[in-house]
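S.K.:
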Amino acid sequence: MKKVCLFAIGSLALACLSTPNYAQKGLLKKVFDINGSVTEADFEDEKGNNLTDAPQVLRDLLVLKNEDKLQKYDSWKDSSGNEHEKYKQYYKGLEVEYAGYAVHAKKGKIKLVHGTFAKLNNLNVVPKVSESNALKKALDSVPAKIYKWQVQEEEDFKKEVDKDQKASYFPQGELIITGSNNAPKIGYKFDIYSHDPIGRYYVYVDAQTGEILSKESRICNYTYNGTANTRYSGTKTISTSFGGYTEGYKLKDERDPYHSIITKNMRLGTTYSSAIEFADADNNWTSAEYNNVNFDNAALDAHWGMTQVYEYFKGKFNHISFDGNGTKSVYSFVHIGDGSGNRYDNAFWDGSYFSFGDGKVTFKPLTSLDVVSHEFGHAFNQYTSKLGINAGRDESDALNEGLSDIWGSIVDYNTYTSPQKEPWTIGSENMLNGTSCLRSLRDPSGEPNVNSQDAKYYKGINWDNTLAAYYKNSGVVAHWFYLITNGKSGYNEKGQFYCVQPMGMLQTEQLIFQTQKNFSPNPNYIYSEFMNATLLAVKYMYGDGSYQHKQVHEAWYAVGVMPTQFISSLRGRTQLCTSATYAVTGYDPDGGTIYWSSNNSNVSVNSVGTVTRLNNYTGTAIITANVTDVLCPKVVSRTISFGCPGYRIGDESENVESSVSNEWSVMCMPNPATNSTTAIITVPDNGCSLTLLNIQGKQIFEKQGLISGNNEVVIPTEGLDAGLYFVKVTNADVKVFSVKLVIGN
Numbered sequence: 000m001k002k003v004c005l006f007a008i009g010s011l012a013l014a015c016l017s018t019p020n021y022a023q024k025g026l027l028k029k030v031f032d033i034n035g036s037v038t039e040a041d042f043e044d045e046k047g048n049n050l051t052d053a054p055q056v057l058r059d060l061l062v063l064k065n066e067d068k069l070q071k072y073d074s075w076k077d078s079s080g081n082e083h084e085k086y087k088q089y090y091k092g093l094e095v096e097y098a099g100y101a102v103h104a105k106k107g108k109i110k111l112v113h114g115t116f117a118k119l120n121n122l123n124v125v126p127k128v129s130e131s132n133a134l135k136k137a138l139d140s141v142p143a144k145i146y147k148w149q150v151q152e153e154e155d156f157k158k159e160v161d162k163d164q165k166a167s168y169f170p171q172g173e174l175i176i177t178g179s180n181n182a183p184k185i186g187y188k189f190d191i192y193s194h195d196p197i198g199r200y201y202v203y204v205d206a207q208t209g210e211i212l213s214k215e216s217r218i219c220n221y222t223y224n225g226t227a228n229t230r231y232s233g234t235k236t237i238s239t240s241f242g243g244y245t246e247g248y249k250l251k252d253e254r255d256p257y258h259s260i261i262t263k264n265m266r267l268g269t270t271y272s273s274a275i276e277f278a279d280a281d282n283n284w285t286s287a288e289y290n291n292v293n294f295d296n297a298a299l300d301a302h303w304g305m306t307q308v309y310e311y312f313k314g315k316f317n318h319i320s321f322d323g324n325g326t327k328s329v330y331s332f333v334h335i336g337d338g339s340g341n342r343y344d345n346a347f348w349d350g351s352y353f354s355f356g357d358g359k360v361t362f363k364p365l366t367s368l369d370v371v372s373h374e375f376g377h378a379f380n381q382y383t384s385k386l387g388i389n390a391g392r393d394e395s396d397a398l399n400e401g402l403s404d405i406w407g408s409i410v411d412y413n414t415y416t417s418p419q420k421e422p423w424t425i426g427s428e429n430m431l432n433g434t435s436c437l438r439s440l441r442d443p444s445g446e447p448n449v450n451s452q453d454a455k456y457y458k459g460i461n462w463d464n465t466l467a468a469y470y471k472n473s474g475v476v477a478h479w480f481y482l483i484t485n486g487k488s489g490y491n492e493k494g495q496f497y498c499v500q501p502m503g504m505l506q507t508e509q510l511i512f513q514t515q516k517n518f519s520p521n522p523n524y525i526y527s528e529f530m531n532a533t534l535l536a537v538k539y540m541y542g543d544g545s546y547q548h549k550q551v552h553e554a555w556y557a558v559g560v561m562p563t564q565f566i567s568s569l570r571g572r573t574q575l576c577t578s579a580t581y582a583v584t585g586y587d588p589d590g591g592t593i594y595w596s597s598n599n600s601n602v603s604v605n606s607v608g609t610v611t612r613l614n615n616y617t618g619t620a621i622i623t624a625n626v627t628d629v630l631c632p633k634v635v636s637r638t639i640s641f642g643c644p645g646y647r648i649g650d651e652s653e654n655v656e657s658s659v660s661n662e663w664s665v666m667c668m669p670n671p672a673t674n675s676t677t678a679i680i681t682v683p684d685n686g687c688s689l690t691l692l693n694i695q696g697k698q699i700f701e702k703q704g705l706i707s708g709n710n711e712v713v714i715p716t717e718g719l720d721a722g723l724y725f726v727k728v729t730n731a732d733v734k735v736f737s738v739k740l741v742i743g744n
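Each residue of the sequence shown is one higher than the one before, starting from 0 at the first, in numbering that gives the first Met the number 0.
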């Protein structure tokens, strides 16, 4: 057993907690939330526990009680061979909807654990309201002329699609824990599908009082080779199936015996089981036949577009269909009506199927590739980061819409390569009201003639605080993605200068996929939580302080979610004995030239940042890196000491551990800190620990396993509240050495 010692600020009380070895093996750091639960734990490469030990590691890290349980519900291996697992939290047998963890492993060893844990001490989980009474309340909140389960054809169709004779739309109440850490509640969750009028909702009913906790729409607005004259993309090759000479060729791309890409004709109706096939006698789907008053050529765009999106996710990420496993057929229903037999002015994903209206007032038929990809993005969001499952949550809904716009742009960018179509607007081919596009990622609030002036700054000029404003507020994440892909410098709405350099689509599409697939363990993300997920992902993929890390951080600063700007620093030794190489954090070696210099002639600096001490001189020097980048030039300096203090006479090797003096020293640079600081530590013993505490004495960060002699520990501080903190170093004899650290200006 190793011991982690926590010291209460302003008192003499000392509490030593025993932590089992599972949670300590190879541990580099732990990050805690306001309730004292671990939100992140990092482990050394190839030195952590085996991935098979993940349940015990989680139990030890979170100090789970008998009523707490984390249950694995998903696992996979990515294209790099890294393994990932996701866990849901249960309390007294009930799922906690807003909590869960993800575990990531390299070469079979746990590298990173992160997530949210709900402390639900003594929560009463015995319902006072019966499921049947709760269902009555739920149905009252979704009034309908008729529900899906009351339409036998729809029930039969669901059994066929799900390949389950017991499948039904009839809502079954699931008893869960919902709400938040501050206000947890037990409730019944019902999935209620209205047939007329069309609508699908998750309804949460308080299991103690019978009150409606929330009602959340699940409707997310927005083989053979044939030749198709599509409405928006010219002549394309499509995959069809042959139903015999009576039925002809159908818009059905049979991928395997278990799932297909299918496009059907709703004929302005809303009953999916009544949809009919589009059929062609010779598999040559011409404009003469399909560019008609019914806009039937829009179905060709939907079918071709879904195939393009499907192939993109499969080819790029080996993510097959929207669920990732290839178990879900892709159903597109074209010519859906508004419930009264009229054309429908929208498109949507309802949690099961894709539906596309023909447009009426605002839009033309909504089957262009960016719209099709946007709707597929909603399905991907649902099955990865769980967005859309608990809709009606303001910022979570905004992220759902914004990420779907991002996927629309990504697929457009990758599909239309020659010639290149405009990838940074949504709906530019579908507008009927004289506007240029529906939304813009390039400039959500200033795109010329855009249909909607959306927010591009968090809680800024066009931000809307009403619950139904998720389209307007989606522009923040959409613009953030545009910035990291293309780069840009300027002043944001707050008058703050920012400078984001381009990462390029190859890197940013991977970042978005990895963030949603691997780093989003919980639904209902708000902007700050999604930002943190992208920062975890980019540091996992490219490294802390990397060029990519800087751009992701800086872009969030540009759109107002990150409160502090990324501050580049010189990474390397503070105490120079003979020579050491320094690097500029957040710098791309191919993006410009660095000119190195020193203000002291007793140390030299070469063109790659290697600093060398000359003639055994001692003293201090300011090392400066002048980065000549076209978009983001910068000058970064750092003061270092040169000489070899703390060693016995005759010992000059920087690797001699036994020759260190018995003195303690702790210094943080920079101090004040912004996104990170480096603690320079000298200790006499192996096994010392470093902790970062806030002014209330709450532990924020921990690094164990310091070695005797000199140590350098990078302490992440981005996202922390500005103020006074304490860096404490403790040995096994409970000797404490501490320094003050200021975060923020």
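Note that CB positions come from ideal geometry on N, CA and C, so glycine has one too. The model shown is predicted, which means the values in this text are computed figures rather than measured ones.
Helix, strand or coil: which one does DSSP assign to F277?
M.R.: coil
S.K.: Can D41 and K24 be called in contact, C-beta distance under 9 Å?
M.R.: no
S.K.: Let's see if you can read the secondary structure: which residues bound the beta strand (DSSP E) around F565?
M.R.: Segment: none, F565 is in no beta strand (DSSP E) and carries neither H nor E.
S.K.: Which partner residues of I211 appear in the DSSP bridge assignment?
M.R.: BP columns for I211 point to V204.
S.K.: Flag this pair as touching only if the stretch 468-478 and the stretch 396-407 have three or more C-beta atom pairs under 8 Å; answer yes or no.
M.R.: Because the criterion of three Cβ pairs below 8 Å is met, the stretch 468-478 and the stretch 396-407 touch.
S.K.: Of all the options Q547, G445, N523 and V558, which has the alpha carbon lying nearest to the alpha carbon of F496?
M.R.: When only C-alpha atoms are compared, the closest one is V558.
S.K.: Is Q23 near the ligand MN, going by C-beta to nearest heavy atom under 8 Å?
M.R.: The ligand MN is absent from the structure shown, which contains no ligands of any kind.
S.K.: Can you give me the start and stop residues for the beta strand (DSSP E) that M668 sits inside?
M.R.: S664 to M668
S.K.: If you measure between the beta carbons of V635 and T617, is that distance less than 9 Å?
M.R.: no
S.K.: Compare the C-beta of I185 against all C-beta atoms of chain B and say whether one is closer than 9 Å.
M.R.: No chain B is present in this structure, which holds just one protein chain.
S.K.: Using C-beta distances below 6 Å, list every residue in its chain close to E96, excluding the 5 sequence neighbours before and after it, in chain order.
M.R.: Within the same chain, E96 has close Cβ partners I175 and T177.
S.K.: Can you tell me whether Y231 is buried or exposed? The criterion is at least 16 other CB atoms within 10 Å of its CB, across all chains shown.
M.R.: buried
S.K.: Quick one: using the 10 Å Cβ neighbour count with 16 as the cut-off for buried, is Q513 buried or exposed?
M.R.: buried
S.K.: Rounded to a whole number of angstroms, what is the C-alpha to C-alpha distance between A166 and Y309?
M.R.: 26 Å
S.K.: Can you check which of these residues, T226, Y311, V626 and G350, is closest to D300 by C-alpha distance?
M.R.: T226
S.K.: Determine the direct distance from the alpha carbon of L437 to that of V770, and round the result to whole angstroms.
M.R.: Here the chain covers residues 0 to 744 and nothing more, so residue 770 does not appear.
S.K.: Looking at the secondary structure, which residues open and close the beta strand (DSSP E) in which G376 lies?
M.R.: Counting along the chain, G376 falls outside any beta strand (DSSP E), though it belongs to the alpha helix (DSSP H) covering L368 to Y382.
S.K.: Around the Cβ of V37, are there at least 16 other Cβ atoms within 10 angstroms (buried) or fewer (exposed)?
M.R.: buried
S.K.: Could you say which of S273, T326 and K188 lies nearest to D255 if we only look at CA atoms?
M.R.: Closest by alpha carbon: T326.
S.K.: Can you give me the C-alpha to C-alpha distance between T690 and I706, rounded to a whole angstrom?
M.R.: 15 Å
S.K.: Please name the residue, chosen from F736, E711 and G743, that lies closest to L723 on a Cα-to-Cα basis.
M.R.: G743
S.K.: Excluding five sequence neighbours on each side, which residues of the same chain lie with their C-beta closer than 7 Å to the C-beta of K144?
M.R.: D195
S.K.: For N450, which three-state DSSP category applies?
M.R.: coil
S.K.: Taking the continuous alpha helix (DSSP H) assigned at T676, which residues delimit it?
M.R.: Note, T676: premise wrong, no alpha helix (DSSP H); beta strand (DSSP E) at S675 to V682.
S.K.: Taking its Cβ as the centre, do 16 or more other Cβ atoms sit within 10 Å of T234, making it buried, or is it exposed?
M.R.: Counting Cβ neighbours within 10 Å, T234 comes out exposed, since fewer than 16 surround it.
S.K.: Taking DSSP as the reference, what is the three-state secondary structure of H194?
M.R.: Three-state DSSP puts H194 in a strand.
S.K.: Determine contact between the stretch 408-417 and the stretch 359-375, defined as no fewer than three beta-carbon pairs at a distance below 8 Å.
M.R.: yes
S.K.: In angstroms, rounded to a whole number, what distance separates the CA positions of L60 and N34?
M.R.: Cα to Cα, the separation comes out at about 14 Å.
S.K.: Is it buried or exposed, S500, if we count other Cβ atoms within 10 angstroms and call 16 or more buried?
M.R.: This sequence places Gln at residue 500; Ser is not what is there. By the neighbour-count rule (16 or more Cβ atoms within 10 Å), Q500 is buried.
S.K.: Whole angstroms is fine: what's the gap from A477's alpha carbon to D205's?
M.R.: Rounded to whole angstroms, the separation of the alpha carbons of D205 and A477 is 35 Å.
S.K.: Report yes if the CB atom of N264 is closer than 9 Å to the CB atom of A274, and no otherwise.
M.R.: With a cutoff of 9 Å on beta-carbon distance, N264 and A274 are scored as near each other.
S.K.: Where H103 and A133 are concerned, what is the direct C-alpha to C-alpha distance, given to the nearest angstrom?
M.R.: Roughly 39 Å between the two C-alpha positions.
S.K.: In this structure, how does DSSP classify S688 when only helix, strand and coil are distinguished?
M.R.: strand
S.K.: When you compare only the Cα positions, how much space is there between R647 and T681?
M.R.: With a pLDDT of only 30 at R647, under 50, the local geometry of the prediction cannot be trusted, and the value read off the model is given with reservation. R647 and T681: Cα-Cα distance of roughly 15 Å.
S.K.: Excluding five sequence neighbours on each side, which residues of the same chain lie with their C-beta closer than 6 Å to the C-beta of K214?
M.R.: In chain order, S140, Y200 and V202 place their CB closer than 6 Å to the CB of K214, counting only its own chain and leaving out the 5 sequence neighbours on each side.
S.K.: Between which residues of its own chain and T611 is the CB-CB distance below 6 Å, once the five residues before and five after are set aside?
M.R.: S578 and S603
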